[in-house]
Amino acid sequence: MENTSYETIFILTPFQDMGNNKDIYFCISLVFYLLIIILNVSLIIFIYLEKNLHEPMYIFLSNLLFSGLTGSTSFYVKFMIDLRASTPVVSRSVCFIQVFLIYTYVFGEITILTVMAYDRYIAINWPLQYTIIISDRKIKKLIFLSWIYPCCMVALGTALTARLSLCGNRINWLYCNNWEIVKLSCLETVINSIYGLVFSFTFFVPFIFIIYSYIKILILCWNNSRTHKHKAFQTCLPHLITLALFLSSITFEATESRVNLKRTMNGVSTVASLECLIIPPILNPLIYGIILPGIRKRIIYM
Numbered sequence: 000m001e002n003t004s005y006e007t008i009f010i011l012t013p014f015q016d017m018g019n020n021k022d023i024y025f026c027i028s029l030v031f032y033l034l035i036i037i038l039n040v041s042l043i044i045f046i047y048l049e050k051n052l053h054e055p056m057y058i059f060l061s062n063l064l065f066s067g068l069t070g071s072t073s074f075y076v077k078f079m080i081d082l083r084a085s086t087p088v089v090s091r092s093v094c095f096i097q098v099f100l101i102y103t104y105v106f107g108e109i110t111i112l113t114v115m116a117y118d119r120y121i122a123i124n125w126p127l128q129y130t131i132i133i134s135d136r137k138i139k140k141l142i143f144l145s146w147i148y149p150c151c152m153v154a155l156g157t158a159l160t161a162r163l164s165l166c167g168n169r170i171n172w173l174y175c176n177n178w179e180i181v182k183l184s185c186l187e188t189v190i191n192s193i194y195g196l197v198f199s200f201t202f203f204v205p206f207i208f209i210i211y212s213y214i215k216i217l218i219l220c221w222n223n224s225r226t227h228k229h230k231a232f233q234t235c236l237p238h239l240i241t242l243a244l245f246l247s248s249i250t251f252e253a254t255e256s257r258v259n260l261k262r263t264m265n266g267v268s269t270v271a272s273l274e275c276l277i278i279p280p281i282l283n284p285l286i287y288g289i290i291l292p293g294i295r296k297r298i299i300y301m
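Given below as structure tokens:
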């Protein structure tokens, strides 16, 4: 296809280098995707059926698990279809839908983790006022904000990219990556770059609040009894592990996308770029299911 100012389809170039390994990748991807569905759906259903788990922390956790399902589905379904296709292509409209869904999942993950940190901060610092502060009305507001905020931010960024006239249609990524599309633009992308900085700032600001929350929790626990320390540690540990995994994976993906590390380490970087779509959705239900005593004990005594 010749370069034009308005491309109707994109070609995902990394698939062309897979050769005869596509069948292997397809089987591995199918196993991962099924595992993600089974683990996340099972834990969501378990929380829904267990009336004793109808608490704010577990309601927020269910939203985190659902976010992982949406992000995984938006990637794996198209990815496996491309593995079975002779020429992996994606239409312009489908490409931008995938951009919106994947970026909303990534941004939504951090907003939900922020809400969960806020919940633990209130629960440990003001246990007697917890049910008053984290009321049913507050829970609904927090869940709504944790979804609508990333949706609006990502929708604006996607719209800014969709308006660009493109001088190419070859995306050097395994899925529709916003920055890879921006690099194909025939026009100046100053607005996109500025919004990218704004987006990055609004994305990483919640990390500051999360860190502040857990520092305050650690300080409080340090001055309390051993029992209180142990209980707080059990409650906060899965949040901290999840946050560390998510932060490391998204930082690598973002850095790789900007500086194009694929030129220097093709195979490793290609796999690592999918870390935020593979690792968190699989490990989140395992981490919370094993470490949180409220879930672990009920699973053991089922």
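If you count the sequence shown from 1, position 34 lands on 33 in numbering that gives the first Met the number 0, and the numbers rise without skipping.
Backbone N, C-alpha and C fix where the C-beta goes; we use that ideal spot for every residue, glycine too.
Could you work out which residue in the options is closest to residue i when comparing CA atoms only?
i	options	result
residue 171	52, 89, 278	89
residue 65	33, 75, 108	108
residue 77	10, 121, 201	10
residue 106	87, 63, 52	63
residue 87	185, 278, 15	15
residue 150	116, 187, 100	100
residue 283	121, 51, 57	57
residue 73	293, 294, 273	273
residue 306	146, 199, 117	As displayed, the chain neither begins before 0 nor continues past 301, which places residue 306 out of reach and without an answer.
Rounding to the nearest angstrom, what Cα-Cα distance links residue i and residue j in this structure?
i	j	result
residue 152	residue 221	38 Å
residue 110	residue 8	32 Å
residue 174	residue 218	43 Å
residue 60	residue 94	29 Å
residue 136	residue 55	11 Å
residue 13	residue 125	52 Å
residue 214	residue 164	47 Å
residue 276	residue 246	12 Å
residue 38	residue 196	35 Å
residue 26	residue 139	39 Å
residue 119	residue 20	45 Å
residue 128	residue 209	21 Å
residue 112	residue 30	27 Å
For the ligand GTP, I want to know if residue i counts as a neighbour, meaning its beta carbon is within less than 6 Å of at least one of the ligand's heavy atoms.
i	result
residue 8	By its list of ligands, the structure shown contains no ligand whatsoever, and the ligand GTP lies outside what it can speak to.
If you follow the beta strand (DSSP E) that residue i is in, where does it begin and where does it stop?
i	result
residue 10	8-11
Could you spell out the range, first to last residue, of the alpha helix (DSSP H) harbouring residue i?
i	result
residue 16	Counting along the chain, residue 16 falls outside any alpha helix (DSSP H), and DSSP gives it neither H nor E.
residue 287	274-290
residue 195	189-221
residue 145	135-161
residue 129	129-132
residue 304	Summary: the structure shown does not reach residue 304, with the chain confined to residues 0 through 301, and so no result is reported for it.
Could you tell me whether the Cβ atoms of residue i and residue j are closer together than 7 Å?
i	j	result
residue 168	residue 98	no
residue 191	residue 155	no
residue 286	residue 249	no
residue 75	residue 32	yes
residue 70	residue 24	no
residue 114	residue 141	yes
residue 131	residue 121	no
residue 237	residue 291	yes
residue 280	residue 35	yes
Inside the stretch 18-105 only - beta strand (DSSP E) runs reaching at least 3 residues:
88-90
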